[in-house]
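Novice: Input: one structure, supplied below.
Numbering (our numbering), first residue to last: 294 to 460.
Pasting the structure below:
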């Protein structure tokens, strides 16, 4: 009897540890996403302030591409967060379904099986999309930074060869 209680305590501890690891991982991923969103906002603000009062010129094309990439990065970050939220909400629904307490499914075994299947499918789709948007958020942020650096290098080159620079 004591062995059963000890085994049950071990399972509970493992479940709590798993939940804590998941919670910590989710928190780190959220911080990363929000950091990139803030960095994009700062980068766009810097680009706007550096071109304020300047005439449009072809030499600003890399800066425009940087701003475009940063804008797309911001969009991807927002979509990433939306899909993460949907996935977490879906997980909560799945737990209710499995426990037989979901208000629309109840305790009917066939309803539970069908609902579980549908929710799992939606979870896989949402998790895949969240992952994809998260990766693109970072890639587009880096691409924007590379275009920004290219804009600076182009400006320095144009100054060196004596052309007027509208950067």
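Where is the CB? At the ideal position from N, CA and C, for every residue including glycine. Only a predicted model underlies this, so the values are computations on that prediction, with no experimental measurement involved.
Applying the 10 Å Cβ sphere with the 16-neighbour rule, what's the burial state of residue 444?
Specialist: That one is buried.
Novice: By how many angstroms is the C-alpha of residue 322 removed from the C-alpha of residue 314?
Specialist: The alpha-carbon atoms of residue 314 and residue 322 are separated by roughly 12 Å.
Novice: Jot down the residue ranges of each uninterrupted alpha helix (DSSP H) in the region 336 to 389, minimum 4 residues, whole runs only, in chain order.
Specialist: The qualifying runs do not exist here; there are none.
Novice: Just verifying my parser: in three-state terms, what is the DSSP assignment at residue 446?
Specialist: Residue 446: helix per DSSP, three-state reduction.
Novice: Check whether the Cβ atoms of residue 341 and residue 366 sit closer than 7 Å, and answer yes or no.
Specialist: Not in contact: residue 341 and residue 366 (Cβ atoms no closer than 7 Å).
Novice: Are residue 433 and residue 370 touching if we call contact CB-CB under 7 Å?
Specialist: Result no, Cβ atoms of residue 433 and residue 370 do not sit closer than 7 Å.
Novice: Which class does residue 402 belong to by DSSP, given the choice of helix, strand or coil?
Specialist: If DSSP states are grouped into helix, strand and coil, residue 402 belongs with the helices.
Novice: Residue 352 and residue 411 look like a contact to me (Cβ under 8 Å); what is the Cβ gap, rounded to whole Å?
Specialist: At roughly 54 Å, the Cβ-Cβ gap does not stay under 8 Å, so residue 352 and residue 411 are not in contact.
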